[in-house]
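Basically the working numbering = 1-based index in the sequence shown + 1206. Glycine residues also receive a C-beta, built at the ideal position from the N, C-alpha and C atoms. Keep in mind the model is a prediction, meaning the values are calculated, not measured.
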Amino acid sequence: MLKKIAPDKWKHFFVGILLGGVLQAFVLFLLPAHFRLATTITFLMVASISYGFELFSLFSGHGHYDVMDAVASIIGGVLGMAVAYLFLVMM
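This is the structure we're talking about:
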């Protein structure tokens, strides 16, 4: 099943992991006492950046617009958020 996923979706997925992890760590650093708020803000940022990049591709003509690329980035971002949270808890 995983072999059916297009290579560019994997690229978006892995970039999403990095994006989600970095943003989660940064927002939790800024709002250490507000985990739910920090996680909500981070998710909204990941979703906005992921879809915003696709909209940029659509309107600028640079790149290829595909909503599933944004979905792959968001899924990766959520995984990255979880990894960052676990890493910060373990420290």
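Three-state class that DSSP yields for residue i in the structure shown
i, result
"Y1257", "helix"
"H1202", "This structure cannot speak to residue 1202, because the chain is shown only from 1207 to 1297."
"I1211", "coil"
"M1297", "coil"
C-alpha distance - residue i paired with residue j, whole-angstrom precision
i, j, result
"V1221", "L1236", "23 Å"
"L1250", "Y1257", "11 Å"
Continuous alpha helix (DSSP H) stretch holding residue i: start and end
i, result
"L1237", "Per DSSP, L1237 belongs to no alpha helix (DSSP H) and is neither H nor E."
Taking 8 Å as the cut-off, does the region 1237–1245 touch the region 1210–1218 (at least 3 CB pairs, one atom from each stretch)?
no
Do three or more CB pairs link the region 1277–1297 to the region 1262–1269 at distances below 8 Å?
no
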